Amino acid sequence: MCIEQWMSAGADWSVAVEAADDIEQHVGSVTELVQLKQRAEGVRLTNLSKDLWKTLRIWAEAAGAGRIDLDSTNLYLLTTAELPKDSVGFLLQHRDSGHRNEEQALKLLCAAAKASKSESKAMTESFAAFMGLANREVPLQRALLARIEVIGGADDIDVVRSSMLGLAAVAAGREAAKSFLHRLEGWFYDRVIEQMRTPGGSPVTGVEFDEVFSGLQRQFSYDNLPIDPDITGMTGAVDEETDKIFVRQLGLIGVGSERIGYAVRDYVRAFAQRSRWLNENLLRPGEIGEYERRLVEEWQSRFAEMAEELGPEATEAEKKKEARRIYRWVDQEARSQIRTGCDEVFVPKGSYHMLADERRVGWHPDFAARLMQLLEPAEVR
-3 MCIEQWMSAG
7 ADWSVAVEAA
17 DDIEQHVGSV
27 TELVQLKQRA
37 EGVRLTNLSK
47 DLWKTLRIWA
57 EAAGAGRIDL
67 DSTNLYLLTT
77 AELPKDSVGF
87 LLQHRDSGHR
97 NEEQALKLLC
107 AAAKASKSES
117 KAMTESFAAF
127 MGLANREVPL
137 QRALLARIEV
147 IGGADDIDVV
157 RSSMLGLAAV
167 AAGREAAKSF
177 LHRLEGWFYD
187 RVIEQMRTPG
197 GSPVTGVEFD
207 EVFSGLQRQF
217 SYDNLPIDPD
227 ITGMTGAVDE
237 ETDKIFVRQL
247 GLIGVGSERI
257 GYAVRDYVRA
267 FAQRSRWLNE
277 NLLRPGEIGE
287 YERRLVEEWQ
297 SRFAEMAEEL
307 GPEATEAEKK
317 KEARRIYRWV
327 DQEARSQIRT
337 GCDEVFVPKG
347 SYHMLADERR
357 VGWHPDFAAR
367 LMQLLEPAEV
377 R
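Last residue of the sequence shown: number 377 in the numbering used here, and the count goes up by one each step with no gaps.
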């Protein structure tokens, strides 16, 4: 089983990388240890191949030390190399292949180990590890070979990725397949790193994978958009945004520094997430424009009402008080989303700050004139 199959498999499995082997899988009550070998096109797995003997050494030492239970463990050597006819690898293929012959494979391995003139320490130790199984009180050579399956001519990483993209297209649609797979792979790689960093780290389970996969699928549905963890972790730096018009707008109405910090955070997140959606072609034509139209029109009615309530004789203090009410609505109540399923609050809040930065919306009743006074000297210079 591999990652492309997990996407369509049940949840009763777990996988660990670089644990007992390159890949350690548990499917139900069965353990599967997998050695992965990618080689250049045309390479053959011969009876004296380093890949073959290195793998046999790993498994022979583990079996000899009792670290693996051969009664409940399947061992796979998965390689892109070709399997020459009647070679050890050829004879240890799956039983359904019609070529499997463990007795003949054992004879070839013993003959290769005895005839080899290799001076490589690694090869010598590999020969010794495998041949040493025959000298034990309970010979383990045949028991080991009975659990080994060699899979030759396996797809290389490019072909596997293409296949995974096909499955991702089924899950999220062809246009979003790369974006979906990128996020799924990113989660999986991060999770594997976490598992490898911790001695005895917990493996990735089928239940865990299914939850992440289903969550991503929901985010890529027609009425939703993905919200990325690296973006939700952004905080922004107020001192880097002090010249932004949306920050100046907040300054005009006396918003405190802590709330300005939150506004910068929302602006940075919304800007980054919207940019990523655009770069990955996840938005429909005109969708941003239509979303901003709705935001502006929601603001317009409230802003007009504020102007009416204030009247022409309002003091500056009254203007700021009413302007802060408009901004409080944006900060605490305005939740119009770009899509109905996308309910992350920084999207509308940050989008309003983006509009304020373009002077398409504002909070102070005289924001257009006040900003012109603030910005004109800088623009003239």
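A virtual CB, placed ideally from N, CA and C, is assigned to each residue, including glycine.
Just so we're clear, the structure is a prediction, and the values are computed from it rather than from any experiment.
In the pairwise beta carbon analysis, the segment 212 to 229 is classified as touching the segment 259 to 273: at least three pairs are separated by under 8 angstroms. With a contact defined as Cβ atoms closer than 8 angstroms, A319 and Y348 miss out at about 14 angstroms. Under DSSP, S45 forms no beta bridge with any residue. Spanning the alpha carbons of Q245 and G285 requires a straight line of approximately 22 angstroms. At least 8 angstroms separates the beta-carbon of G182 from that of Q191. Residue pairing of V30 in beta bridges, as defined by DSSP: I19 and Y72.
Runs of beta strand (DSSP E) with 3 or more residues, each lying fully within the segment 48 to 129, are found at 69 to 75, listed in chain order.
Less than 8 angstroms separates the beta-carbon of G232 from that of R261.
Secondary structure at V200: strand, using DSSP grouped into helix, strand and coil. Taking all protein chains shown into account, Y323 has 16 or more neighbouring C-beta atoms within 10 Å of its C-beta and is therefore buried. C-alpha of S116 to C-alpha of R187: approximately 37 angstroms in a straight line. In this structure, V357 sits near V292, with a CB-CB distance shorter than 8 angstroms. Shown here for R355: same chain residues with a beta carbon closer than 8 angstroms to its own, the five before and five after excluded, namely I241, F363, A364 and L367 in chain order.
The residue from D154, V11, L32 and V30 with its alpha-carbon nearest to that of H22 is V11. Our two residues, L279 and R289, have alpha carbons roughly 16 angstroms apart in a direct line. Per DSSP, the unbroken alpha helix (DSSP H) holding S175 starts and ends at A173 to R193.
Each of K113, E145 and W325 was checked against the Cα of F299, and the nearest Cα belongs to W325. According to DSSP, residue pairing for S10 in a beta bridge involves H22 and T201. Around the beta carbon of H90, fewer than 16 other beta carbons lie within 10 angstroms, which makes this residue exposed. Secondary structure at E37: coil, using DSSP grouped into helix, strand and coil.
In this structure V84 is not in contact with A58, their Cβ atoms being roughly 19 angstroms apart against a cut-off of 8 angstroms. Residue range I144 to I147 is occupied by the beta strand (DSSP E) that includes E145.
Fewer than three pairs of CB atoms, one per stretch, sit closer than 8 angstroms, so the segment 33 to 41 makes no contact with the segment 63 to 71. Its Cα nearest to that of R255, the residue K345 stands out among E304, K345 and A118.
Put simply, of S253, T51 and W359 the residue whose alpha carbon is nearest the alpha carbon of D18 is T51. Taking C-beta separations shorter than 6 angstroms and ignoring five residues to either side along the sequence, the partners of L88 in its chain run A101, I144 and V146, following chain order.
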